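In our numbering, the protein residues as written are 126 to 570. By construction, the Cβ of each residue, glycine as well, lies at the ideal position given by its N, Cα and C atoms. As the structure is a prediction and not an experimental result, all values here were calculated from the model. Structure first, then comments.
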Amino acid sequence: MAGIIEQERYTCAIGALQSVVAIPRAVPILHSGPGCGTMIAGFFERSTGYAGGSTSPCTNFSEREVVFGGTDRLRNIIKNTYKVLDTDLQVVVTGCTAGIVGDDVASVTEEFLEEGKPIVHVETSGFKSNNYVSHSNVINAIIDQYVSRFEEENPKRSEENLVNVFASIPYQDQFWKGNLREYKRLLEGIGLKVNILFGPHSGGVKEWQTIPRANFNILISPWYGEAIVKNLERRYEQPWFQFGYVPIGANETTRFLNGVIEFAKEQGAKIDEEKARAFIAEEEHAYYEEIDNLATFLLEFRYGLPNHVHIIHDAGYVVGLTRFLLHETGIVPKEQFIVDNTPEKYKEQIISDIASTSEKRDIPVIFNPDAGAVQEQIRKIQHDGRGLIIGSGWDRSLAKEKDYDFLSASVPTPYRLILTTNYAGFTGGLRVIEDIYDMVLATYK
């Protein structure tokens, strides 16, 4: 989309340095101007990890490097990083200036590879894409340049019950840690072994080395991350199972797990189906017990609760929250806004997923990365009853203006502290309910 947009809810390509930060003991090295890292750290907030934020080494690309090239400076930064930081993997990401000048970053990293150093390079010039796209580029670079070095001791598809999971983009999805932990717990509950790859519940680079061993891959996303599973299919002949949105609550989580079970059986995984179904039933029982406990509250406050919602988020969350809120809380989705700059070829399926939410209700979906324009649209929309906006911290003032309730659930989110909260899964659905109704109750005097 050409032109100036307001309130962008994602970053330029170099924002995928956060995908590196999310790998335990991995460090991004920025071959860029000093403002790039500062911008990314400021946008995501509380996102330093092991070696992110102000800790990330940077060549501080200046006018001198524009004229004479910055490869010598990059070489020195890499050498000094090995001296100062105790890391398991280094990933060089490039900014716009390095991309324009045309520095041969590959030749520099090759020098360190010849010394046996674990280092990767990836082109992330900001003008080439956004961080949704470059997340896949970074992951594929690590697979092609680092994981590939361990293929001999990790034969492809050699563990029939091992899966690689690609879902929440670290830090872009503010619930990424909790969501990945929950996916791991759920998939292990049905009998699989899980490479979750990011965050404290992964095994770090040792886990990455075992990626080829997986029998198949799981992609939980409407579009971002697809390039990763396609690369793994080409490289290791691993098939992939896709669930096109965040599974939130009982209905969609059960649908997701049942789909994985059937796909795993087709791939020859040894699933004890009786135990897997019993696990799902136990999770459903615990979920619906809490919903039953909620009945008295809902009856008492039924005239003071939001009855409709606008969601401003990426496609995976808009679809997931739309389906969850309508079917499991009774909050009716009205106009929904997808602001992740979805590529055209994926829009039809996303619209179909939202349309299939209800045969009785038409749920309009608008694709527009210009969240400022989205806010103007919502200002002009009028619906009866108490409204709810689910969006980023930037939407709080809009909710106040319309006298709507507000839930901050996307970046940037300066008004909410999120550590390990998850919105995915059975427990994630309960957390969404808690967050919405806690916020509503807080308005009562």
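Practice prompt. Let me know the secondary structure DSSP gives VAL192 once reduced to three states.
Written response: Residue placement at VAL192 is flagged as unreliable, the pLDDT there being 49, under the threshold of 50; a coordinate-derived value is accordingly withheld.
Practice prompt. Below 6 Å CB to CB, which residues in the same chain sit around LEU523 once its five sequence neighbours on both sides are set aside?
Written response: Once the five neighbours on either side are set aside, the close Cβ partners of LEU523 are GLN500.
Discussion item. I need the DSSP call for GLY429, collapsed to helix, strand or coil.
Written reply: Here GLY429 sits in coil by DSSP.
Worksheet item: Can you list, in chain order, the residues of its chain whose CB lies under 6 Å from that of PRO153, leaving out five sequence neighbours each side?
Response: Cβ neighbours of PRO153 beyond the five flanking positions: LEU142, VAL145, SER181, VAL216, VAL218.
Fill in: C-alpha distance - ILE436 paired with SER533, whole-angstrom precision
Note on geometry: alpha-carbon atoms of ILE436 and SER533 lie some 10 Å from one another.
Fill in: Range of the contiguous beta strand (DSSP E) that encloses LEU214
That run of the beta strand (DSSP E) goes 214 to 219.
Worksheet item: Given ARG150, which residues of its chain have a CB within under 6 Å of its CB, disregarding the five upstream and five downstream residues?
Response: Result list for ARG150: TYR175, THR212, ASP213, GLY329, in chain order.
Item to complete: Taking the CB atoms as reference points, tell me whether PHE381 and TYR548 lie closer together than 7 Å.
Response: Not closer than 7 Å, so no.
Practice prompt. Can you tell me which of the three DSSP states LYS281 falls into?
Written response: DSSP places LYS281 outside both helix and strand once states are collapsed to three, so it counts as coil.
Discussion item. Tell me the DSSP secondary structure of ALA151 in three-state form.
Written reply: Of the three classes helix, strand and coil, the one that applies to ALA151 here is strand, per DSSP.
Worksheet item: In terms of alpha-carbon separation, which member of ARG282, GLY324, PHE422 lies closest to ILE294?
Response: Taking only the C-alpha atoms, the option nearest ILE294 is GLY324.
Worksheet item: For GLN367, which beta-bridge partners are listed by DSSP?
Response: Answer by DSSP bridge pairing, in chain order: LEU344.
Worksheet item: Assuming ASP478 and GLY550 make a contact with CB atoms under 8 Å, what is their CB distance in whole Å?
Response: Actually they do not touch by this definition, with Cβ atoms about 18 Å apart.
Practice prompt. Count the CB pairs spanning the region 489 to 507 and the region 356 to 374 that are closer than 8 Å, and state whether there are at least three.
Written response: No: the two stretches stay apart, fewer than three of their Cβ pairs being nearer than 8 Å.
Worksheet item: Would a C-beta distance cut-off of 7 Å place TYR350 and PHE449 closer than the cut-off?
Response: Per the sequence shown, the amino acid found at residue 350 is Gly instead of Tyr. With contacts defined as CB atoms closer than 7 Å, GLY350 and PHE449 fail to qualify as a contacting pair.
Worksheet item: How would you label PHE291, buried or exposed, when you count the other beta carbons within 10 angstroms and need 16 or more for buried?
Response: That one is buried.
Item to complete: Tell me whether PHE193 is buried or exposed, calling it buried when 16 or more other Cβ atoms sit within 10 Å of its Cβ.
Response: With a pLDDT of only 49 at PHE193, under the threshold of 50, the placement of this residue in the model should not be trusted; the figure read from the coordinates follows. Counting Cβ neighbours within 10 Å, PHE193 comes out exposed, since fewer than 16 surround it.
Worksheet item: Under the rule that 16 or more other beta-carbon atoms within 10 Å means buried, what is GLN502, buried or exposed?
Response: Exposed is the call here.
Discussion item. What does the Cβ neighbour count give for HIS246, buried or exposed, with the cut at 16 atoms within 10 Å?
Written reply: Its Cβ being crowded by 16 or more others within 10 Å, HIS246 is buried.
Item to complete: Assuming PHE237 and ILE244 form a contact by the criterion Cβ under 8 Å, report the distance between their Cβ atoms to the nearest whole angstrom.
Response: That pair is a contact at about 5 Å.
Practice prompt. Can you say whether ARG171 is buried or exposed, counting buried as having 16 or more other CB atoms within 10 angstroms of its CB?
Written response: Exposed, by the Cβ-count rule.
Item to complete: Identify, in the order they occur along the chain, each residue of the same chain with its Cβ nearer than 6 Å to the Cβ of VAL354, setting aside the five sequence neighbours on each side.
Response: ASN342, LEU344, TRP365.
Discussion item. Once the 5 residues before and after THR538 are set aside, which same chain residues still bring their CB inside 8 Å of it?
Written reply: Shown here for THR538: same chain residues with a beta carbon closer than 8 Å to its own, the five before and five after excluded, namely GLU170, GLN299, SER517, GLY518 in chain order.
Fill in: Residues that DSSP places opposite GLY550 in a beta bridge
DSSP output for GLY550 lists ILE373 as bridge partner(s).
Worksheet entry | alpha helix (DSSP H) segment containing VAL330, residue limits | Element bounds for VAL330: 330 to 334.
Practice prompt. May I have the straight-line CA-CA distance separating ARG282 from ARG274, to the nearest angstrom?
Written response: A straight-line Cα-Cα distance of about 16 Å links ARG282 and ARG274.
Discussion item. Here's the rule: buried if 16 or more other CB atoms are within 10 angstroms of the residue's CB, otherwise exposed. What is TYR529?
Written reply: Here TYR529 is buried, its C-beta having at least 16 other C-beta atoms within 10 Å.
Practice prompt. Excluding the 5 residues preceding and the 5 following MET126 in the sequence, name in chain order all residues of the same chain whose CB lies nearer than 7 Å to its CB.
Written response: Bear in mind that the predicted position of MET126 carries a pLDDT of just 46, short of 50, making it unreliable; the figure below should be weighed with that in mind. Excluding sequence neighbours, MET126 sits near ASN466, PRO494.
Worksheet entry | Residue range of the unbroken beta strand (DSSP E) whose run includes HIS246 | Residues 244 to 247.
Worksheet item: Of all the options ILE416, LYS242, SER254, ASN201, which has the alpha carbon lying nearest to the alpha carbon of GLY224?
Response: Residue SER254 holds the alpha-carbon nearest to the alpha-carbon of GLY224 among ILE416, LYS242, SER254, ASN201.
Worksheet item: So GLU399 packs on ILE386, CB below 8 Å; how close in whole Å?
Response: Not confirmed; about 11 Å, so no contact.
Discussion item. By the three-class DSSP mapping on this structure, what secondary structure does ILE514 have?
Written reply: DSSP, reduced to helix, strand and coil, places ILE514 within a strand of the structure shown.
Worksheet item: So who's on the other strand from ILE437, going by DSSP bridges?
Response: Partner(s): PHE462.
Item to complete: Give me the Cβ distance between GLN461 and ILE488, rounded to the nearest whole Å; I'm assuming they're in contact under 8 Å.
Response: About 6 Å separates the two Cβ atoms, so the contact holds.
Fill in: Range of the contiguous beta strand (DSSP E) that encloses SER535
It spans 530 to 535 - the beta strand (DSSP E) in which SER535 sits, taken as one unbroken run.
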